[in-house]
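To start, the structure itself, in structure tokens.
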Amino acid sequence: MLTSCLDKLWRRAATGFAFAFLFGGGAILAPTVFPLVALTSPAGAVRRQRCQHLVHLIFRFYIRMLRVLRVINVEVEGAERLRDGRGKLVVANHPSLLDVVLLMALMPRAQCIVKKELWESRWLGGMVRGAGYIRNDLDPEALLDACRAALEAGDGIIIFPEGTRTVPGEPVRFRRGFANLATLLEAEVQPVTITCDPPTLIKGEKWWMIPPRRPIFRVMVGDRLDVTGLLGYQYRSLAARKLVRSLEDYFAERLADGKA
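Numbering (full-length UniProt numbering), first residue to last: 1 to 260.
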């Protein structure tokens, strides 16, 4: 009992330190290191790739730190499928606040669609713009063109099609935006299933609400889906619906069977 109590107190303190480290470190690196990378790199793809790789290294270090501090444990299956450098839509469920950090730690060339507020942030805007992340307030044609350019450059675009963190116990429900992108761009889809046991940092939960034991994140990178087989439909909207249903079934099966 005492050991369990001390373990929980340690994990709460370590979690607080980890959050302070993440936000404090971001506030320091964004106006210092990332502008330095920009100044020493040619404009365009090289600068963008270097900034993306720097974010990857930072998040890889951060996940390693969380493991050393015994805040979380992480198990990954199929990580090499995220490291091969080919452009694809990385479609994942979203059980925890740490999901995007986990994926970017596994992907040297990760692209994201970010909120306008983050793009224009005084502290993190330089990092976001340097890495070439895509604003979510672009008009549809500009957004499509930006995603096409990212895929052609070999970036993987991370998408959480639920639009928000998963509510524990509820089935996954995907919005159709990712499927429209996939069918319009004829992009490969890389499904990634994430589980966290016991749940932590879920929607509506404060950071200090520590689970009774150290959570284990399991990340399973599945086989890629080639959407060109869906393009025989007369209407693209039917192909998009078919892709949404197919992936909802895929994730439901793996989450139910605990295969992640």
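Every residue, glycine too, gets a C-beta built ideally from N, C-alpha and C.
Please classify residue i: does DSSP put it in a helix, a strand, or coil?
i	result
Ile-158	strand
Asn-73	strand
Lys-206	coil
Ser-37	A quick correction: the sequence has Val, not Ser, at residue 37. In the structure shown, Val-37 sits in a helix (DSSP, three-state: H, G or I).
Met-107	coil
Phe-217	strand
Phe-88	In the sequence as presented, Phe is not what sits at residue 88; that position holds Lys. Strand at Lys-88.
Asp-223	coil
Thr-228	helix
Glu-152	helix
Phe-17	helix
Pro-191	strand
Asp-197	strand
Val-46	helix
Ala-114	Correcting the residue identity first, residue 114 is Val in this sequence and not Ala. Note: Val-114 maps to strand in three-state DSSP.
In its own chain, which residues sit with a C-beta less than 7 Å from the C-beta of residue i, not counting the 5 before and 5 after it?
i	result
Asp-223	none
Ala-252	Pro-171, Val-172
Asn-136	Ile-113, Val-114, Lys-115, Lys-116
Val-38	Per the sequence presented here, residue 38 reads as Ala, with Val not at that position. Once the five neighbours on either side are set aside, the close Cβ partners of Ala-38 are Arg-47, Gly-130.
What do you reckon, are the CB atoms on residue i and residue j nearer than 7 Å?
i	j	result
Leu-124	Gly-26	yes
Thr-193	Pro-95	no
Phe-217	Ile-72	yes
Gln-190	Arg-109	no
Leu-66	Ala-142	no
Val-76	Val-219	yes
Leu-118	Val-128	yes
Leu-151	Gly-78	no
Arg-70	Trp-208	no
Determine the direct distance from the alpha carbon of residue j to that of residue i, and round the result to whole angstroms.
i	j	result
Ala-187	Arg-122	34 Å
Ala-105	Ile-58	8 Å
Met-107	Gly-156	8 Å
Glu-80	Leu-89	15 Å
Arg-83	Gly-154	11 Å
Ala-20	Ala-14	10 Å
Gly-24	Pro-31	12 Å
Trp-10	Val-68	12 Å
Leu-98	Gly-204	14 Å
Arg-236	Phe-61	42 Å
Pro-35	Glu-120	15 Å
Ala-240	Leu-247	11 Å
Leu-54	Ile-158	17 Å
Thr-228	Leu-243	11 Å
Leu-238	Arg-245	11 Å
Gly-126	Ser-4	43 Å
Tyr-250	Val-100	20 Å
Val-221	Leu-102	12 Å
Arg-254	Thr-40	45 Å
Leu-225	Leu-29	37 Å
Gly-44	Gly-169	44 Å
Short of 8 Å in beta carbon distance, which residues of its chain neighbour residue i, apart from the five on each side in sequence? Order them along the chain.
i	result
Leu-144	Leu-181, Leu-184, Leu-185
residue 276	Nothing about residue 276 can be reported from this structure: the residues present for the chain run from 1 to 260 only.
residue 268	A question about residue 268 goes unanswered here, because the residues of the chain that appear run from 1 up to 260.
Going by beta carbon distance, what residues of the same chain come within less than 6 Å of residue i, once the five residues before and after it are set aside?
i	result
Pro-198	Pro-211, Pro-215
Gly-163	Arg-175
Val-74	Phe-217
Leu-6	none
Does the pairing of the region 131 to 142 with the region 170 to 179 give three or more beta-carbon distances under 8 Å?
no
Within 8 Å, do at least three Cβ pairs link the region 205 to 213 to the region 251 to 258?
no
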